[in-house]
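Q: When we follow our numbering, the leftmost residue of the sequence shown carries the number 2, and every step to the right adds one.
Glycine included, C-beta positions come from ideal geometry on N, C-alpha and C.
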Amino acid sequence: MRLARITHADGVSFAALQSPTTAGGEPDGGDICAEIAEHPFGDPTFTGRTWPLADVRLLAPILPTKVVCIGKNYADHVSEMGGEAPPAPLIFMKPSTTVIGPGVAIQLPPDSQRVDYEGELAIVIGRPCRDVPEARARDVVLGYTVANDVTARDLQQADGQWTRAKGYDSFCPLGPWIETTIDPGDLAIRTELDGEVRQDSRTHLLLHPVEELIAYISRVMTLLPGDVILTGTPAGVGPMASGQQVSVTVEGIGSLTNPVQAR
2 MRLARITHAD
12 GVSFAALQSP
22 TTAGGEPDGG
32 DICAEIAEHP
42 FGDPTFTGRT
52 WPLADVRLLA
62 PILPTKVVCI
72 GKNYADHVSE
82 MGGEAPPAPL
92 IFMKPSTTVI
102 GPGVAIQLPP
112 DSQRVDYEGE
122 LAIVIGRPCR
132 DVPEARARDV
142 VLGYTVANDV
152 TARDLQQADG
162 QWTRAKGYDS
172 FCPLGPWIET
182 TIDPGDLAIR
192 TELDGEVRQD
202 SRTHLLLHPV
212 EELIAYISRV
222 MTLLPGDVIL
232 TGTPAGVGPM
242 ASGQQVSVTV
252 EGIGSLTNPV
262 QAR
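As structure tokens, then:
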């Protein structure tokens, strides 16, 4: 199931994206957004209201209480940044105010001279959990979405710790929706800047896979429904400039595209 958060003529709703088909199983027009009552966790119920996807605007698919991120989780990215891969997952966090949706501009702050894209697979938590064993990690997942861990690289290097560099408003694009049925073990992930491929990898190259990340993080903190875990970025990170457009695509989910502009 694809779970989205949309804005329409009557307000904002969670919705499931449905693809109508003919009696013969062929696609029958564009996708339809079926409104979900209240929230998408558990077994969602539907109000009966629908809108064509073309008539609504996609928002960030979830508004998390926290975004927990993993650094240096692809060996090739570790190499390009220098240093060694950490033996355990390297955790940092982004504030919830970094989250934006598809099509919303990434704002370049005036106090940074280099802001980088970092395309990533994101995990969306589906239930409150703590001390989750790896064997049960997927039981607490609502689904997966696409993320861009935008980073003020010069400030990251200057500060030593990463809060300021990772924490500006608009520095966590999420979307276009949450896919609940995919296996995250080996998905293609690609980032394009103005249509040129800059990152091209697969999630089976994660040094610490999804199940390990959930178990490790949940030993530290309680994860709540809607919380997001960014799993790390592959090699190929680089700067963005005002007027450019960045697009991150994860196989089986879709593409997340955002323009870039000066703040």
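So Asn259 and Asn149 are in contact, right, with Cβ under 8 Å, and what is the actual spacing, rounded?
A: Between Asn149 and Asn259 the Cβ distance is about 7 Å, and since that is below 8 Å, they are a contact.
Q: Got a sec? Which residues, its chain only, sit under 6 Å from Arg143 by beta carbon, not counting five neighbours each side?
A: Here residue 143 is Leu; the residue named in the question, Arg, does not match the sequence. Only Val125, Gly127 meet the Cβ criterion.
Q: Helix, strand or coil: which one does DSSP assign to Ser80?
A: Reduced to three states, the DSSP call for Ser80 is helix.
Q: Measure how close the beta-carbons of Pro65 and Ile107 come, nearest whole angstrom, since I'm counting them as under 8 Å.
A: At roughly 18 Å, the Cβ-Cβ gap does not stay under 8 Å, so Pro65 and Ile107 are not in contact.
Q: My output table needs one value for Asp187: the three-state DSSP class, helix, strand or coil.
A: Note: Asp187 maps to helix in three-state DSSP.
Q: From His205 to Glu85, what distance separates their C-alpha atoms?
A: Cα to Cα, His205 sits roughly 19 Å from Glu85.
Q: Between the C-alpha atoms of Ile179 and Thr146, what's the straight-line distance to the nearest angstrom?
A: Straight-line Cα distance between these residues: approximately 5 Å.
Q: So, for Gln262: in the same chain, excluding its five sequence neighbours on each side, which residues have a beta-carbon less than 6 Å away from its beta-carbon?
A: Within the same chain, Gln262 has close Cβ partners Ala106, Ser243.
Q: Within the same chain, show all residues whose beta-carbon is closer than 6 Å to that of Ala138, passing over the 5 residues directly before and after it, in chain order.
A: Cβ within range, chain order: Glu212, Ile215, Ala216.
Q: Can you give me the start and stop residues for the alpha helix (DSSP H) that Ile215 sits inside?
A: Counting along the chain, the alpha helix (DSSP H) containing Ile215 begins and ends at 211-221.
Q: In terms of residues, what are the limits of the beta strand (DSSP E) holding Lys95?
A: Unbroken beta strand (DSSP E) run through Lys95: 91-95.
Q: Looking only at C-alpha atoms, which of Lys67, Ile63, Leu18 sits nearest to Leu54?
A: Of the candidates Lys67, Ile63, Leu18, the one whose C-alpha sits nearest the C-alpha of Leu54 is Leu18.
Q: Can you list, in chain order, the residues of its chain with a C-beta nearer than 7 Å to that of Leu207? Leave out the 5 residues immediately preceding and following it.
A: So the list reads Asn74, Tyr75, Thr232, Gly233, once near-sequence residues are dropped.
Q: Looking only at its chain, what residues have a beta carbon closer than 6 Å to the beta carbon of Ile63, apart from the 5 residues adjacent to it on each side?
A: Closer than 6 Å at the Cβ level, and outside the excluded window around Ile63, lie Val125, Gly227.
Q: Looking at the structure shown, is Arg154 part of a helix, part of a strand, or coil, going by DSSP?
A: Helix at Arg154.
Q: With DSSP collapsed to three states, give me the class of His40.
A: DSSP places His40 in coil when its eight states are reduced to three.
Q: For a quick check, are the C-beta atoms of Gln200 and Gly253 less than 8 Å apart?
A: No, the Cβ-Cβ distance between Gln200 and Gly253 is not below 8 Å.
Q: Taking 8 Å as the cut-off, decide whether the C-beta atoms of Ile1 and Val100 are in contact.
A: Missing from the structure shown is residue 1; the chain here goes from 2 to 264 and no further.
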